[in-house]
Amino acid sequence: MSNGTFQRHEVKFLLDSHQRSALERAMRGHMEADAYGESTICSLYYDTPDSRLIRRSLEKPDYKEKLRLRSYGAAKPDGKIFVELKKKYGGVVYKRRISMTEREATRFLAGNGAPPEDSQIGREIEYFLDFYQTLEPSMYLCYDRIAYFCPADENLRITFDRNIRWRTDGLTLTAPPRGEQLIRPDQSLLEIKTGTAMPLWLVNALNENGIRRTSFSKYGRAYTIEQTRKHIGGINCA
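With the first letter of the sequence shown counted as 1, position 100 gets the number 100 in my numbering; the numbers rise by one all the way through.
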């Protein structure tokens with residue numbers, strides 16, 4: 001959970017409860033849960049008033065980028081959170097992040113502050129803010145995650161996200177985690193993060209349990225639901 005730069009491949013799968021249990025059994029002896037256990041991750045996505053970033057992302061271009069604030073549980077104004085710039089190019093995810101207090105981060109993204117230190121990551125985020133100019137809080141997402149690491153391969157991580165919720169009101173990380181459910185109660189979003197190819201035992205476990213790769217963006221799916229409702233509402237009101 002430290003500051004830094006991350007570069008890796010990320011592959012996603014949507015599992016039911018039986019598939020998750022089978023995969024967790026297959027992971028024994030290969031993966032270990034990290035010291036944090038299951039934690040609630042809260043993210044506040046920033047976008048332009050016309051949702052330029054997420055609309056472009058949904059077009060599935062070779063290159064796309066997102067900016068968000070992230071905390072573990074509800075944040076306190078003077079508590080540390082992360083400012084994250086996430087980019088994806090050619091199937092590889094690049095993530096830069098710096099730590100600030102919630103109050104500092106909110107002011108920084110509103111154009112009223114600066115990064116805590118002069119760094120390459122801070123300058124990249126400042127450039128991003130300057131390029132898009134009108135960024136503002138757009139979507140709140142939270143979910144309960146448990147993460148696993150591989151003692152034999154430091155680049156391999158597996159996460160399970162459940163209870164994924166979203167909202168477009170109360171757009172602050174200091175508010176309690178809440179929102180509308182994005183997936184069914186029996187489902188989990190699996191993310192496999194690796195620097196190279198998956199190990200054979202993992203490939204076999206996925207195949208044996210009928211676990212198929214999916215394209216799933218939490219922000220993208222929530223935005224699509226919201227826009228569909230607006231469209232239907234507009235038709236009904238016409």
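Virtual Cβ for every residue (Gly too), placed ideally from N, Cα, C.
As the structure is a prediction and not an experimental result, all values here were calculated from the model.
Within the same chain, no Cβ atom closer than 6 angstroms to the Cβ of A197 is found once the five residues on either side in sequence are excluded.
In the structure shown, the three-state DSSP call for N204 is helix. Of the candidates D47, E24, I164, G113, D47 places its Cα closest to the Cα of K86.
G170 and Y140 do touch by the CB rule: their CB atoms are close to 7 angstroms apart, below 8 angstroms. Assignment of beta strand (DSSP E) within the stretch 15 to 86, counting only whole runs of 3 or more residues, yields 39 to 47, 63 to 72 in chain order. At the C-beta level, I81 and E65 stay beyond 8 angstroms of one another.
Residue state for A222 is assigned as helix, using DSSP reduced to three classes. Shown here, T106 sits in a helix according to DSSP, grouped into three states. For I121, the enclosing alpha helix (DSSP H) stretches over residues 120 to 132.
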